[in-house]
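Residue 64 in the working numbering is what sits at position 61 of the sequence shown, and the numbering runs on without skipping anything.
Yeah, the Cβ is synthetic: ideal placement off N, Cα and C, and Gly gets one too.
Since this is a predicted model, take the numbers as computed values, not measurements.
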Amino acid sequence: MADRIEHTAVALQPKKKAIQRLASGPSQYFRVENADDACQSRQRFAEQKIVCEKIGPAVVNSRETVKYQNKSASDTAPAAVWVDKALKFVIKWQAPSIGAELHNINIKEDQQAADLFAVPNDYKILTPLKATSKGFSTR
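Written out as structure tokens, the structure reads:
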């Protein structure tokens, strides 16, 4: 779950009934004000500097999108994203060795109940383990 107003993101783990706070949401998925001018929004959500280039209109699963390319893509950074013009959200992304795509069966435009975004009361908060030092010892 990501809260754009509070600038927070959490991962829910239903099997463990736990929640873990994330430093940021996945950079592949971001919302824009204008699908036809999304490079600035994309850079804001990217974990590293990108060279964003608008490729142009494209149809993904019968939905109108705008394709953007990251000319500085790496194995971990998406090489391209497709922003849905109506949703103003990424519905497809592709990296050199992996990608993801939302299909029409997954996309339903409708009001969402607020309780869908509430963390259940019986979930515990997981805290990250402290990293152990594996660097050089000092004398």
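- Within the DSSP bridge table, the entry for Lys70 names Gly59, Trp85 as partners.
- Secondary structure in the region 90-127: the beta strand (DSSP E) runs of 3 residues or longer, each lying completely within the stretch, are 92-97, 102-104 in chain order.
- By the Cβ test, the region 66-76 is in contact with the region 33-44, since at least three Cβ pairs between them sit closer than 8 Å.
- Taking Lys88 as the centre and dropping the five residues before and after it, the same chain places the C-beta of Ala38, Glu67, Thr68, Val69 closer than 7 Å to its C-beta, in chain order.
- Cβ contact annotation for Val84 (same chain, cutoff 6 Å, sequence separation greater than five): Tyr71, Val93, Trp96, in chain order.
- Just so you know, the alpha carbons of Thr130 and Gln23 end up roughly 7 Å apart.
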